[in-house]
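The structure under discussion appears below in the form of structure tokens.
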Amino acid sequence: MVSAIGIATLSGAVEAAPATATIDINISGLRSMKGNVLVCVTANPRFFPDCGKDPKGLKTSISARDAANVSFTGIAKGTYAVALVHDENANNKMDMAIFLPKEGFGFSRNPVIVAGPPKFKAAAFEVDTAAVTQRVKMKYML
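Okay, here's the thing in structure tokens:
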């Protein structure tokens, strides 16, 4: 009898783990298979699009040859934005020619690029289900 009460007490004390999700990113439009694709996911508008400085941001570098699909797992529900750079010379940064990027870039939700990178709000999407897919088309200025 004592053990049944102990088990009932313990089962009531166990909390469910927070639900997490997966962000799948499908990348299209790479102009070459050279170098790497730098992928960064952030929930903090202050660190977008340069979310490499976000201590809570998720970052990866993947060979351009393997970059058609990238996944991040264990994501808490919330609002996120994704920034990508096609780092063709593999120097881990976006190279610029005066004010224009020499290398390709892309963002979640594929916002229209007029002058400069989009604001967080233009690229933001909700993660509120088990899996969210973002299709990102790379853009090149030069």
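Residue numbers are given in the UniProt record's numbering: position 38 of the sequence shown equals residue 38, and the series is strictly consecutive. All C-beta atoms in this analysis are idealised placements derived from N, C-alpha and C, irrespective of residue type, glycine included. Just so it is clear, the structure is predicted and the values come from calculations on it, not from any experiment.
Taking the CB atoms as reference points, tell me whether Pro111 and Ala123 lie closer together than 7 Å.
For the purposes of this step, residue 111 is taken as residue 111 along the sequence shown, with counting starting at 1. For the purposes of this step, residue 123 is taken as residue 123 along the sequence shown, with counting starting at 1. Yes, the pair counts as a contact, with Cβ atoms nearer than the cut-off.
Going by C-alpha distance, which of Asp95, Phe72, Leu100, Lys59 is nearest Met141?
Taking the first residue of the sequence shown as position 1, residue 141 is located at position 141. Met141 has its Cα closest to that of Leu100, out of Asp95, Phe72, Leu100, Lys59.
Grab the span of the alpha helix (DSSP H) containing Lys121 for me, first residue to last.
Residue numbering aside, residue 121 sits at position 121 when the sequence shown is read from its first letter. Here the alpha helix (DSSP H) through Lys121 covers 120-123.
Could you tell me the distance, in whole angstroms, from the CA atom of Gly29 to the CA atom of Gly104?
Reading the sequence shown from its first residue, position 29 is the one you call residue 29. Reading the sequence shown from its first residue, position 104 is the one you call residue 104. Taking the straight line from one Cα to the other gives about 9 Å.
For the beta strand (DSSP E) that Ser61 lies in, which residues bound it at each end?
Indexing the sequence shown from 1 puts residue 61 at position 61. Where Ser61 is concerned, the enclosing beta strand (DSSP E) stretches over 58-63.
Test item: CB-CB of Gly35 and Asp87 under 7 Å:
One-based indexing of the sequence shown puts residue 35 at position 35. One-based indexing of the sequence shown puts residue 87 at position 87. Contact flag set, yes.
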